[in-house]
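Report on the following structure.
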Amino acid sequence: MYIGAESAFEVVQGVLDLLMTKIGAKFSVDYSLDDKINGEVKVDPMYFPKRGANIFLGGKAIGSIGVLHPAVLEKYHLKHPVTCFEVKLGDLFDFFKAKSKPSDAL
Numbered sequence: 002m003y004i005g006a007e008s009a010f011e012v013v014q015g016v017l018d019l020l021m022t023k024i025g026a027k028f029s030v031d032y033s034l035d036d037k038i039n040g041e042v043k044v045d046p047m048y049f050p051k052r053g054a055n056i057f058l059g060g061k062a063i064g065s066i067g068v069l070h071p072a073v074l075e076k077y078h079l080k081h082p083v084t085c086f087e088v089k090l091g092d093l094f095d096f097f098k099a100k101s102k103p104s105d106a107l
């Protein structure tokens with residue numbers, strides 16, 4: 002989560018990219034961001050419209066990223082934009098375990 006005078010989506014996406022790199026996932030190959038699930042626009046309403054996306058790993062939605070909606074900021078008395086992401090750690094761990102298995106081709 003990042004809070005500041007500006008939303009800084011790129012900062013939070015950079016942290017997500019680093020996390021994915023550390024588990025061996027490559028952008029556009031293993032993971033991606035999209036505002037659709039099964040062809041239908043579906044993003045958590047906690048995000049500002051058109052400022053949120055789903056995080057997919059291995060074709061499965063495992064979380065979301067975005068700029069929090071002004072109603073959320075107001076509810077928690079936050080005075081500046083907040084950008085955040087959430088992921089299911091179990092799915093990240095499963096991907097990492099699968100990538101880390103020794104190859105049988107030796």
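Residues in the sequence shown are numbered from 2 upward in steps of one, following the working numbering. Don't be surprised by glycine CBs; every beta carbon is placed ideally from N, CA and C. Computed from a predicted model, the values in this text were never measured in an experiment.
The beta carbon of G67 sits closer than 6 Å to the beta carbons of Y48, R52, G53 from its chain, once the five residues preceding and following it are set aside; these are given in chain order. Taking C-beta separations shorter than 7 Å and ignoring five residues to either side along the sequence, the partners of H81 in its chain run I4, G5, A6, following chain order. Around the C-beta of N55, 16 or more other C-beta atoms lie within 10 Å, and the residue is accordingly described as buried. Excluding the 5 residues flanking it on each side, N39 has no same chain C-beta neighbour closer than 8 Å.
In the structure shown, V44 falls within a coil segment according to DSSP collapsed to helix, strand and coil.
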